[in-house]
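Enquirer: Residue numbers (the working numbering): -8 to 407.
We put the CB at the ideal spot given by N, CA and C, even for glycine.
Being a predicted model, the structure only gives us computed values, none of them experimental.
Here you go, one structure.
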């Protein structure tokens, strides 16, 4: 069996979406796998149980070289000199773990995994470098377009954000991976086309067709053996629960949805609508809820564990996707990971999105309900979901084996 060195940042049993994505890709590959990982402080017990029962987990040899908190730098965790020191320790540890493996695999975010991949590739040109991208980095919309959030920051927060972009979300990391990796993994065509558009606009050292030729689309997927969603019990409740699971921040804006909700309740004052939010939520949106007199219809919760999250999804009457909102002439490159759970649970879904988004494409292909970021359109789509009870189920549920077929064919092409 060929060997692969994996440099993912954090790794399972942490239950972060990007970490889950990496494991679901790797477990299907015919490799003996060495993992250079940062230990996440919060492990998910159901994920650990899945791993313990997973016959594919035997091929992973995980080396925990540091704690993720030591490397983390953010607006709330300002410890830059120490964080950079630990970041370099992680990169050096990953490079030091290379011992002739035929493949290396990096995953951004975090971007510094690419720096380790670049050093290994420069020192060992014959290694096959697989670079997985979970989000755009080069001229990311959240760096260059989210002016309202930046304006609301205090001066220390502005400084911290700039330092974060300088050291942690580095355009050159994405550019180096696009140019030097042998195989590039994207979660959807829109993500790839956005990233190539930025490359062509700002860098363009090699033809984008050459980059596209080494790309593989690996859709978000699930592990069938882990899929216990249908075994979840039902939770009784009164009212009509319209729920969102995930952060509301930056360019994921919901003001038009809140206005549409007010219009809906004015039109149907007896309808028992409850909007439940699980995860980070803006102060400005809380104020708007009060201004629109929606406090009796909105319940805001902190982030909850994955298993509990699935139960709340199943118990909801319908679920929401709040997409990143960009101008209509801009490719929207983000695909929320929750589309997989929504699809598997067969939940009626309302997406607030744009026509250049992968979510919009998937909703259209599924015959599900997608609204423009416009209060009048959102109102009409809410009526379809809540009053007309229109079926709006997403059809997007590839298994991990199905999702990886194109990559496996590409690997066989390298080493037949």
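In angstroms, rounded to a whole number, what distance separates the CA positions of residue 88 and residue 335?
Expert: 38 Å
Enquirer: For residue -6, write down the residues that DSSP places opposite it in a beta bridge.
Expert: Under the DSSP definition of a beta bridge, residue -6 partners with 23.
Enquirer: How would you label residue 131, buried or exposed, when you count the other beta carbons within 10 angstroms and need 16 or more for buried?
Expert: buried
Enquirer: For residue 21, decide whether its Cβ has a neighbour in chain B, counting only Cβ atoms nearer than 8 Å.
Expert: Here chain B cannot be found, since the structure has a single protein chain.
Enquirer: Would you check if there are 3 or more beta carbon pairs closer than 8 Å linking the region 156 to 171 to the region 120 to 130?
Expert: A contact exists between the region 156 to 171 and the region 120 to 130.
Enquirer: Which residues in the same chain have their Cβ closer than 7 Å to the Cβ of residue 285, if we skip the five residues on either side of it in sequence?
Expert: 249, 252 and 253
Enquirer: Output the distance between the C-alpha atoms of residue 300 and residue 341, rounded to the nearest integer angstrom.
Expert: 18 Å
Enquirer: Candidates 23, 353 and 64: which alpha carbon is nearest residue 47's?
Expert: 23
Enquirer: According to DSSP, simplified to helix, strand and coil, what is residue 363?
Expert: strand
Enquirer: Using DSSP with H/G/I as helix, E/B as strand and the rest coil, what is residue 47?
Expert: Note: residue 47 maps to helix in three-state DSSP.
Enquirer: Among 400, 395, 404 and 403, whose alpha-carbon lies nearest the alpha-carbon of residue 177?
Expert: 395
Enquirer: Express the C-alpha separation of residue 391 and residue 12 in angstroms, rounding to a whole number.
Expert: 10 Å
Enquirer: Expressed to the nearest angstrom, what Euclidean distance is found between the alpha-carbon atoms of residue 266 and residue 369?
Expert: Rounded to the nearest angstrom, the two C-alpha atoms are 14 Å apart.
Enquirer: Since residue 93 and residue 129 should fall inside the 8 Å C-beta cutoff, what is the C-beta to C-beta distance between them, to a whole number of angstroms?
Expert: Not a contact, Cβ separation roughly 28 Å.
Enquirer: Where do the ends of the beta strand (DSSP E) carrying residue 265 lie?
Expert: Segment 264 to 269, the beta strand (DSSP E) holding residue 265.
Enquirer: Looking at the structure shown, is residue 61 part of a helix, part of a strand, or coil, going by DSSP?
Expert: helix
Enquirer: One question on the structure: do residue 278 and residue 226 come within less than 8 Å of each other, judged by their Cβ atoms?
Expert: no
Enquirer: Assign residue 127 to buried or exposed, taking buried as 16 or more other Cβ atoms, counted over all protein chains shown, within 10 Å of its Cβ.
Expert: buried
Enquirer: I need the straight-line Cα distance from residue 50 to residue 2, nearest angstrom please.
Expert: 14 Å
Enquirer: Taking Cβ to Cβ, would you say residue 327 is nearer than 8 Å to residue 237?
Expert: yes
Enquirer: Roughly how many whole angstroms lie between the Cα atoms of residue 43 and residue 162?
Expert: 38 Å
Enquirer: So, do the region 312 to 325 and the region 339 to 355 have three or more beta carbon pairs nearer to each other than 8 Å?
Expert: yes
Enquirer: Going by C-alpha distance, which of 373, 357, 356 and 358 is nearest residue 364?
Expert: Comparing Cα positions, the closest option is 373.
Enquirer: Helix, strand or coil for residue 218, going by three-state DSSP, please let me know.
Expert: Three-state DSSP puts residue 218 in coil, outside helix and strand.
Enquirer: Return the chain-ordered list of same chain residues with a C-beta closer than 7 Å to the C-beta of residue 185, the five sequence neighbours on each side being excluded.
Expert: 127, 322 and 324
Enquirer: Between which two residues does the alpha helix (DSSP H) harbouring residue 152 extend?
Expert: 146 to 158
Enquirer: On a CA-only basis, which of 10, 292, 219 and 360 is nearest residue 273? Give me that one, please.
Expert: When each option's Cα is compared against that of residue 273, the closest is 292.
Enquirer: Below 8 Å, how does it come out for the region 54 to 66 and the region 20 to 38: are there three or more Cβ pairs, yes or no?
Expert: yes
Enquirer: Applying the criterion that 16 or more other CB atoms from any shown protein chain within 10 Å of the CB defines a buried residue, is residue 65 buried or exposed?
Expert: exposed
Enquirer: Apply the 10 Å Cβ neighbour rule to residue 290 and answer buried if 16 or more other Cβ atoms are within range, or exposed otherwise.
Expert: With fewer than 16 other Cβ atoms within 10 Å, it is exposed.
Enquirer: In angstroms with no decimal places, state the Cα-to-Cα distance between residue 39 and residue 366.
Expert: 43 Å
Enquirer: Take the Cβ of residue 310 as the centre, count every other Cβ of all protein chains shown within 10 Å, and call the residue buried at 16 or more, exposed below.
Expert: buried
Enquirer: Ignore the nearest five residues each way along the sequence and tell me which others in residue 264's own chain have a CB closer than 6 Å to its CB.
Expert: Cβ neighbours of residue 264 beyond the five flanking positions: 231 and 288.
Enquirer: So does residue 21 have its beta carbon nearer than 7 Å to some heavy atom of the ligand MN?
Expert: Within the structure as shown, the ligand MN is missing, as the structure has no ligands at all.
Enquirer: By how many angstroms is the C-alpha of residue 156 removed from the C-alpha of residue 103?
Expert: 12 Å
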